[in-house]
Amino acid sequence: MKNKTTIFSASVLFFLGTYTYAQQKDTVKTAEVEEVVILGSRSGARSKVDSPVPVDVFNIKESSVILPQTNISQILNAVAPSFTSTIQTNADGTDHLDPAQLRGLGPDQVLVLVNGKRRHTSALVNVNGSPGRGSVGTDLNSIPSFALNRIEVLRDGASAQYGSDAIAGVINLELKRDTGKLTGQVSYGGNLTPTANDHTGDFDGQNIQVDLNYGNKIGKKGGFYNITWTSQFRNPTYRAGTESGTIYNAYNAIEQRALNNGVNLSSLFTNIGSTPNSQQIVNSIHQYAQGVSYFNATQQSAIQNANTIQDVKDASGNVIQQGLQSLLNFDVTNNELAYRGQDRKDFNMQVGQSKLTNNQLFANIEIPINDNWKVYTFGGYSYRHGTSGGFYRRPNQSRTFTGLYPNGYLPQIGTNIQDLSLAAGIKGNWEGWNIDFSNTFGQNSFDYTIQNTGNTSLRFASPNEFSAGGLRFSQNTINLDFSKKYDVWSGINIAFGAEHRYENFKITAGEEASYATYDVNGNVWNNTTQRPTDFFGNVLAGGSQVFGGFRPENAVDKNRQSVAGYADVEFNFTDWLLVDAAARYENYSDFGSTFNYKLASRVKLDKNFNLRFAGSTGFRAPSIHQIYYNVTSTLYTNGQLMEVGTFSNDSEIAERFGIPKLKQETSKSGSVGFTYKVPAANLTFTADGYFTRIDNRIVLTDQFTGPLVNALGVNGAQFFANSIDTETKGLDVVITHKAKFSDFKLDNNFAMNLNETRKVGSTHTSPKLESLGLENTFFSEKSRVYLEESVPRVKASLSHNLSWKNATFYLRNTYFGKVTGADIVDANGDGIVGPNEHQQITAKIITDVSVVYQFTKNVGLTVGVNNLFDIYPTKNLPVSSNNDQFIYSRSTSQFGQNGRYLFSRLNFNF
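Here the working numbering is used: the first residue of the sequence shown is 5, the next is one more, and so on.
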């Protein structure tokens with residue numbers, strides 16, 4: 005902590021010192037090229053400090069050489085305080101797709117564009133216990149960061165300009181246009197930390213990445229093509245502690261002694277309650293129990309004297325003689341581990357980042373037809389294969405068939421993610437009108453293969469790998485845009501256009517054994533036939549363990565369409581007054597229409613001082629995924645594993661619970677801010693306060709339980725619903741400083757985001773749920789924490805980039821504010837669990853350092869450290885750790901739990 009504070013304090017002093025030094029005009033060069041932005045306006049590029057709404061610009065082409073992070077989500081998490089994204093763990097498909105949030109709002113409330121065109125969202129629905137629960141975000145990591153020139157982040161509501169999802173803002177990814185050279189990077193890194201390899205130390209999470217980019221001219225009128233290839237090979241990290249729960253019972257010990265002698269006790273019965281050879285089983289247990297040397301005399305005597313499997317009871321139900329089921333259900337974990345030569349860590353989960361192989365191809369092409377018109381196309385393909393671990397299936401659990409797995413097993417979720425996108429269009433000028441006609445197609449799919457697992461109800465006949473089905477989302481968008489500038493006052497720009505969007509969501513069923521439960525005869529259980537059990541009489545679960553496949557009744561193939569028209573007028577009344585007005589009408593085939601507007605203004609009070617204001621309405625259509633997604637999953641809820649069904653809103657059970665059909669979220673946003681430049685010191689200040697109210701916000705309910713749910717073969721049921729209204733308020737501050745003195749060039753940047761989201765008003769529950777007293781399940785305390793407190797309310801970064809001749813030194817400190825764990829626990833240790841009592845995850849500062857040296861104009865080397873001081877989040881309280889497996893919270897989003905990351909990178913261009 006002392007080192008961390010020292011570095012941060014020194015960094016602040018460095019910033020202030022360079023500001024003071026910058027006042028000496030005879031020493032410092034003050035020339036500066038202002039960054040321009042395109043996002044947020046249809047009138048063309050302007051200086052970002054003259055924009056009526058706040059826009060951040062990040063030069064990814066330059067920063068990719070020196071930043072430790074290599075994918076878009078993690079780059080933005082590091083450099084943009086208003087943006088939050090953290091690698092997830094043990095969250096099924098979410099392990100491979102980091103939910104991203106802007107200004108504390110949801111992953112589905114920020115719109116992503118590529119070269120100004122709407123990007124499709126992911127096929128994945130985040131239904132697990134992590135930030136953004138219930139949302140459908142955009143898979144930013146399906147685009148190679150090395151293909152980008154820069155990223156623009158519009159931090160203001162923009163639905164009236166860009167359509168659905170732009171409540172929190174818009175992220176525009178601008179692709180490279182470079183020609184005439186091949187550039188590339190080869191990166192290698194990993195986590196060097198005492199917590200590596202389940203807290204035994206050393207090195208894990210090794211990551212190798214190769215990036216190549218090549219561009220060339222097409223013709224002599226500005227045509228070009230630019231192509232990027234990225235390959236990444238990432239190893240998992242291991243951050244579990246030491247499994248502290250019970251692993252083996254006495255029956256497991258006897259079972260192992262029998263196996264050592266070639267006898268598999270599980271082969272002697274299918275359903276223990278109706279087996280005809282119970283005496284043979286009793287005799288076998290008597291025989292092999294004698295081989296368990298650590299049973300004491302009392303235990304051995306009781307076992308040998310027991311002649312029944314079940315307890316013997318009198319007419320009143322009182323036990324008059326214990327059977328072997330009661331006698332053998334005691335813990336022998338430590339002794340049995342010693343006998344088998346095992347360690348408790350052998351039964352750990354794989355907690356940390358998942359294993360990932362990633363290959364991506366992206367292209368950007370533009371060809372002039374004549375002096376006024378050009379055709380363009382861009383897009384790419386990515387294929388990722390990820391493997392993540394589930395909860396360990398221990399031998400003493402009924403979901404583990406010890407006839408095949410006497411030591412239990414760690415099931416794995418294999419995920420194949422394919423992403424395809426292609427945009428093509430023609431744009432040009434006709435009689436002063438700028439016209440752009442385009443078609444943009446995108447598709448994202450998740451296919452699941454469950455490995456090292458089993459369908460327990462199949463017993464010996466179970467395969468160990470299952471195709472569990474998959475998800476696919478497709479989107480096609482047609483745009484026609486017009487804009488024209490008029491030389492009236494200081495300039496007027498008129499823009500209007502239309503859009504048609506088609507969406508399709510598809511769920512494909514898995515193979516039968518991935519979802520079915522089988523009876524004692526190996527046939528699919530029909531709710532009446534007898535089911536197989538373990539020795540203790542517990543029925544054996546069906547479906548592939550860790551992730552049950554999509555059933556035929558889950559399969560959907562649904563589509564919808566929307567049409568929209570917009571108008572945008574920008575008035576430059578004078579050089580000091582700018583007013584921008586926008587309106588948009590949109591109609592969806594599945595829920596109706598919406599009309600939204602925006603008014604923004606910039607007032608130049610001085611050559612270097614601007615005030616800016618914006619107010620708008622917005623909306624987010626319920627994603628087609630949220631309307632039709634349905635599945636049964638194994639979720640870790642309140643310290644228990646539960647089979648939870650997510651049911652669509654048009655299902656019969658949703659109607660029984662009174663869950664209404666989904667409708668759009670609506671929003672009202674306002675912001676006010678200023679920009680101030682000090683040219684003599686190359687300093688720029690911006691500050692923007694904002695307020696967003698969202699009505700009918702869509703969330704995923706908690707799990708409903710009871711007979712109505714149990715009849716469906718699950719422990720819990722959850723639904724998507726327009727449950728609540730929220731208000732978000734916050735402040736963004738950005739300070740930039742640039743200086744040149746002698747052979748040195750220095751860039752200093754400070755940015756801070758303060759935000760707070762609160763549920764307001766009453767929960768929009770149905771009369772049926774109110775009558776059943778289920779309002780707190782409809783929107784629970786845990787859901788409130790995910791919404792309001794799982795993402796830092798304060799995030800700030802201070803970075804410095806110092807260049808001297810062939811060397812560049814980079815230092816960044818990022819402050820992540822406190823967050824709250826979602827579990828309701830005895831956080832203060834008073835022995836009483838309050839209804840709103842949660843663990844606080846304290847604030848931390850992460851320090852990144854890297855150095856680049858350019859050996860020649862073609863070859864350079866980068867070395868650096870992310871999280872220099874190996875900072876970790878606050879440790880979980882034991883009650884939330886799942887037997888010491890989750891040392892750190894997996895339900896909050898700060899900076900992850902991988903610790904110190906060392907990397908080196910070879911940079912080249914030819």
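Glycine is no exception: its CB is placed at the ideal position from the N, C-alpha and C atoms.
With DSSP run on the structure shown, which of helix, strand or coil describes residue i?
| i | result |
| --- | --- |
| A684 | helix |
| R348 | helix |
| Y343 | helix |
| N525 | coil |
| F678 | strand |
| Q165 | helix |
| N714 | helix |
| D778 | According to the sequence provided, residue 778 is Leu. The question's Asp does not apply to it. In this structure, L778 counts as coil in the three-state DSSP scheme. |
| A585 | strand |
| R904 | coil |
| G138 | coil |
| D54 | helix |
| G97 | helix |
| T974 | With the chain covering only 5 through 914, there is no way to say anything about residue 974. |
| Q113 | helix |
| E590 | strand |
For residue i, which residues in the same chain have their Cβ closer than 7 Å to its Cβ, ignoring the five residues on either side in sequence?
| i | result |
| --- | --- |
| D208 | G194, N195, A200, N201, N239, T241, Y242 |
| R261 | Y292, G295, V296 |
| R564 | E507, Y592, S593, D594, I628 |
| G474 | S449, F450, D451, Y452, T512 |
| K861 | none |
| R879 | It should be pointed out that residue 879 corresponds to Lys in this sequence rather than to Arg. Closer than 7 Å at the Cβ level, and outside the excluded window around K879, lie I891, Y892. |
| G141 | P103, A104, P111, D112, T125, S126 |
| T31 | Confidence is the limiting factor: at T31 the pLDDT is only 35, short of 50, which leaves the residue's position unreliable and the question unanswerable from this model. |
| R398 | I251, F351, T404, G412 |
Cβ atoms of residue j and residue i: under 8 Å apart, would you say?
| i | j | result |
| --- | --- | --- |
| N870 | P58 | no |
| N443 | A428 | yes |
| N726 | L776 | no |
| Q189 | N911 | yes |
| T274 | V543 | no |
| R920 | A172 | Only positions 5 to 914 of the chain appear in the structure, and residue 920 is not among them; the question remains open. |
| S168 | A625 | yes |
| F724 | L750 | no |
| A826 | Y876 | no |
| V829 | Q843 | yes |
| Q898 | V823 | yes |
| R154 | V61 | yes |
| I747 | K786 | Looking at the sequence shown, residue 747 is not Ile but Asp. The answer is no: Cβ separation not under 8 Å. |
Could you pull out every residue in the same chain whose Cβ sits closer than 6 Å to the Cβ of residue i, ignoring the five residues on either side in sequence?
| i | result |
| --- | --- |
| F477 | A127, N448, F509 |
| G619 | L603, G674 |
| Q479 | H124, G446, E507 |
| F981 | For residue 981 there is no data in the structure shown, the boundaries of the chain being 5 and 914. |
| L414 | G393, Y396 |
| I91 | D102, Q357, G900 |
| Q455 | Q416, G418, E469 |
| G383 | S425, L426, A427 |
Return no unless some Cβ of chain D is closer than 8 Å to the Cβ of residue i.
| i | result |
| --- | --- |
| A725 | This model lacks chain D altogether, as it is built from one protein chain only. |
For residue i, which residues in the same chain have their Cβ closer than 8 Å to its Cβ, ignoring the five residues on either side in sequence?
| i | result |
| --- | --- |
| K29 | The pLDDT assigned to K29 is 40, lower than 50, so where the model puts this residue is not dependable; a value taken from the coordinates is nonetheless given after this. Excluding sequence neighbours, K29 sits near A684. |
Is it the case that the CB of residue i approaches a heavy atom of the ligand ATP more closely than 7 Å?
| i | result |
| --- | --- |
| Q357 | Looking for the ligand ATP in the displayed structure turns up nothing, as the structure carries no ligands at all. |
Review point. Is the segment 397 to 405 in contact with the segment 551 to 558, if contact means three or more CB pairs nearer than 8 Å?
Key: These segments do not touch.
Practice item. Give, in chain order, every unbroken run of the alpha helix (DSSP H) that is at least 4 residues long and sits entirely within the segment 277 to 328. Key: Correct list: 282 to 293, 301 to 309.
Check your understanding: Would you call the segment 480 to 490 and the segment 512 to 520 in contact, with 3 or more CB pairs under 8 Å?
Key -> Verdict: no, contact absent.
Review point. Which residue spans inside the segment 70 to 95 form an unbroken beta strand (DSSP E) run of at least 3?
Key: Taking 3 residues as the shortest admissible run, the segment 70 to 95 contains the following complete beta strand (DSSP E) segments, listed from N- to C-terminal end: 87 to 89.
Practice item. Kindly confirm or deny that the segment 129 to 144 and the segment 212 to 225 touch, where touching means at least three C-beta pairs closer than 8 Å. Key: No, because fewer than three Cβ pairs between the segment 129 to 144 and the segment 212 to 225 fall closer than 8 Å, the two stretches do not touch.
Check your understanding: Would you call the segment 349 to 358 and the segment 315 to 335 in contact, with 3 or more CB pairs under 8 Å?
Key -> When C-beta atoms of the segment 349 to 358 are compared with those of the segment 315 to 335, fewer than three pairs fall below 8 Å, so the two segments do not count as touching.
Check your understanding: Going along the chain, which unbroken runs of the alpha helix (DSSP H) with 4 or more residues stay wholly within the segment 494 to 555?
Key -> You should have 516 to 519.
Review point. Do the segment 682 to 702 and the segment 173 to 182 meet, that is, are 3 or more Cβ pairs less than 8 Å apart?
Key: When C-beta atoms of the segment 682 to 702 are compared with those of the segment 173 to 182, fewer than three pairs fall below 8 Å, so the two segments do not count as touching.
**Study point:** Cβ contact (3+ pairs, closer than 8 Å) linking the segment 334 to 353 and the segment 384 to 392
**Key:** No contact exists between the segment 334 to 353 and the segment 384 to 392.
Point to revise | Complete runs of the alpha helix (DSSP H) confined to the segment 140 to 226 [at least 4 residues] | key: With a minimum length of 4 residues, the continuous alpha helix (DSSP H) runs that stay inside the segment 140 to 226 are 163 to 166, 200 to 203.
Exercise for review: Ignoring anything shorter than 3 residues or poking outside the segment 751 to 831, list the beta strand (DSSP E) runs there in chain order.
Suggested key: Taking only runs of at least 3 residues, the beta strand (DSSP E) segments lying wholly in the segment 751 to 831 are 798 to 808, 811 to 820.
Check your understanding: Quick one: complete beta strand (DSSP E) runs, 3+ long, within the segment 401 to 442?
Key -> If only complete runs of 3 or more residues are kept, the segment 401 to 442 shows the beta strand (DSSP E) at 416 to 434, in order along the chain.
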